[in-house]
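Chemist:
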Amino acid sequence: MRKTKTKTVTSTTYLRPTDLNDLQQIMAEHQGRAAVVAGATDMIPQMRAGRTLPAVLVDLCEIAELSFIREEHGSIAIGATTTMAKLASSPIIASGSPFLATAARQVGHPQTRNRATIGGNLANASPSADTAPPLLALGAAVQIMSPDGAIRDVPLHQFFHSYRVTDLGEGDVLTRITFPRPPDGAAGRFTKIGLRSASSISVASVAVMLEMEETTCRTARVAAGSVAPIPMRVFRVEELLEGHEIGETLVEECSELLRAEISPISDVRGSDKYRSYVASAVLKRQIEMAVADRRTFGA
30 MRKTKTKTVT
40 STTYLRPTDL
50 NDLQQIMAEH
60 QGRAAVVAGA
70 TDMIPQMRAG
80 RTLPAVLVDL
90 CEIAELSFIR
100 EEHGSIAIGA
110 TTTMAKLASS
120 PIIASGSPFL
130 ATAARQVGHP
140 QTRNRATIGG
150 NLANASPSAD
160 TAPPLLALGA
170 AVQIMSPDGA
180 IRDVPLHQFF
190 HSYRVTDLGE
200 GDVLTRITFP
210 RPPDGAAGRF
220 TKIGLRSASS
230 ISVASVAVML
240 EMEETTCRTA
250 RVAAGSVAPI
260 PMRVFRVEEL
270 LEGHEIGETL
280 VEECSELLRA
290 EISPISDVRG
300 SDKYRSYVAS
310 AVLKRQIEMA
320 VADRRTFGA
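Right under this line is the structure:
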């Protein structure tokens, strides 16, 4: 028997399913009419401003199956409704991918982090989503449930299609995020540059994860935010790093290549030239620091 809590607010019906089966039935019944929320830190401002008014608002907060952080067969799995505060304080994240915790700590202010969820941060598909670059650098994938109950896994770098457009179809729900636990000898870094030290939307952000053998890079993943229509993997920089000894010349080449690969815009937070300069400078520093502390993750 469905235990959904129902409430009508103005012209929007508000539903709170209590498990995934209930959620799947609701999304099938209201396909094309329902919007999903958890922390609602983006949806509520959008509704107040009159930019959106969904016919059905589906709140995921009571679905316990969607809120977790755990290790599974060499991977780390995170439920979609896990808050930024829980992500930032998780011992599993601290030991396995502390630069993801660093990103979570930089999302908004404490009140926002207590509400905002990792699933919402990704599904919103903002170029400035703070958790996207480190998750891209970790090689993450998202799990999506369709209205018919089918489950599919999508690599995160294929999840973002264009500005605020993702692989989510009508009635789809992002349910979890997974990534391989980084091996010993790997090092990860995330840096976000904003206009102030806290509660700031990023001007540019960069995440790097390197697996090293002495001074030679075995594998590399590089990602950037706020410098393109979507959070992006920078594959050509990764290819330049892999299999090569990392020195000053190579780091400079990576920095120049990053500038060629990104397409930042000019807005109130910074010009396209400034974003490009910041991103390339941050990348250089991150590579140098990741090499220096390759035995552990940097934060």
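Following this note's numbering, the numbering of the sequence shown begins with 30 at its first residue and continues without gaps.
Ideal placement from N, C-alpha and C gives every residue a C-beta, glycine not left out.
1. Applying the criterion that 16 or more other CB atoms from any shown protein chain within 10 Å of the CB defines a buried residue, is Leu82 buried or exposed?
2. The beta strand (DSSP E) with Thr160 in it runs from where to where?
3. So is Gln140 buried or exposed if we call it buried at 16+ other beta carbons inside 10 Å?
4. Does the beta-carbon distance from Ala319 to Leu239 come in below 7 Å?
5. Going along the chain, which residues of its own chain have a beta-carbon closer than 6 Å to the beta-carbon of Ser292, five neighbours each way excluded?
6. Which residue wins for smallest C-alpha separation from Tyr43, given the options Leu89, Glu290, Arg77?
7. Which stretch, first to last residue, makes up the alpha helix (DSSP H) that contains Phe128?
8. Could you spell out where the beta strand (DSSP E) holding Gln172 opens and where it closes?
9. Is any heavy atom of the ligand ATP found at a distance shorter than 6 Å from the C-beta of Gly103?
10. Start and end of the beta strand (DSSP E) containing Thr245?
11. One question on the structure: do Thr244 and Glu274 come within less than 7 Å of each other, judged by their Cβ atoms?
12. Among Met174, Ser300, Glu271, which residue has its Cα nearest to the Cα of Ser231?
13. With burial defined as no fewer than 16 other Cβ atoms inside 10 Å of the residue's Cβ, what is the status of Glu267: buried or exposed?
14. If you compare alpha carbons, which of Gly198, Met261, Ala166 is closest to Arg218?
15. Helix, strand or coil: which one does DSSP assign to His102?
16. Which residue from Val297, Lys221, His59, Asp213 puts its Cα closest to that of Ala84?
17. Against chain D, does Val256 count as a neighbour if the rule is that its beta carbon must be under 7 Å from one of theirs?
18. Specify whether the region 304-319 and the region 276-293 touch according to this definition: at least 3 beta carbon pairs, one from each stretch, less than 8 Å apart.
19. Distance check for Gly149 and Thr207, CA to CA, integer angstroms please.
20. Identify, in the order they occur along the chain, each residue of the same chain with its Cβ nearer than 8 Å to the Cβ of Asp322, setting aside the five sequence neighbours on each side.
Modeler: If we stick to the structure as given:
1. By one-based count along the sequence shown, residue 82 stands at place 53. Exposed, by the Cβ-count rule.
2. On the sequence shown, residue 160 is found 131 positions in, with the first residue counted as 1. Element bounds for Thr160: n/a, residue is neither H nor E.
3. Locating residue 140 in the sequence shown gives position 111, where the first residue counts as 1. The residue is exposed, with fewer than 16 neighbouring Cβ atoms inside 10 Å.
4. Position 290 of the sequence shown, counting from 1, holds the residue named residue 319. Position 210 of the sequence shown, counting from 1, holds the residue named residue 239. Against a cut-off of 7 Å, the Cβ pair of Leu239 and Ala319 comes out as a contact.
5. On the sequence shown, position 263 is the one that residue 292 refers to. Around Ser292: Ala257.
6. One-based indexing of the sequence shown puts residue 43 at position 14. With distances taken between Cα atoms, Tyr43 lies closest to Leu89.
7. Within the sequence shown, numbered from 1, the residue matching residue 128 stands at position 99. From DSSP, the alpha helix (DSSP H) with Phe128 extends over 127-134.
8. For the purposes of this step, residue 172 is identified with residue 143 of the sequence shown, where counting begins at 1. Gln172 -> beta strand (DSSP E) spans 170-174.
9. For the structure depicted, the ligand ATP is absent and the ligand set is empty, with no information on it obtainable.
10. Taking the sequence shown and counting its residues from 1, one reaches residue 245 at position 216. Segment 245-254, the beta strand (DSSP E) holding Thr245.
11. Numbered from 1 along the sequence shown, position 215 holds the residue referred to as residue 244. Numbered from 1 along the sequence shown, position 245 holds the residue referred to as residue 274. Contact flag set, yes.
12. Translated into positions along the sequence shown, residue 231 becomes position 202. Out of Met174, Ser300, Glu271, Ser300 has the C-alpha closest to the C-alpha of Ser231.
13. The residue given as residue 267 occupies position 238 in the sequence shown. Under this definition Glu267 is a buried residue.
14. Here residue 218 refers to the residue found at position 189 when the sequence shown is read from its first residue. Nearest option by C-alpha distance: Ala166.
15. Along the sequence shown, one-based indexing puts residue 102 at 73. Looking at His102 - three-state DSSP - the assignment turns out to be coil, as it is neither helix nor strand.
16. Residue numbering aside, residue 84 sits at position 55 when the sequence shown is read from its first letter. Here the closest residue by C-alpha is His59.
17. Although the question refers to chain D, the structure presented lacks it and comprises just one protein chain.
18. yes
19. Taking the sequence shown and counting its residues from 1, one reaches residue 207 at position 178. Taking the sequence shown and counting its residues from 1, one reaches residue 149 at position 120. Approximately 15 Å between the Cα atoms of the pair.
20. For the purposes of this step, residue 322 is identified with residue 293 of the sequence shown, where counting begins at 1. Here the set comprises Ala216.
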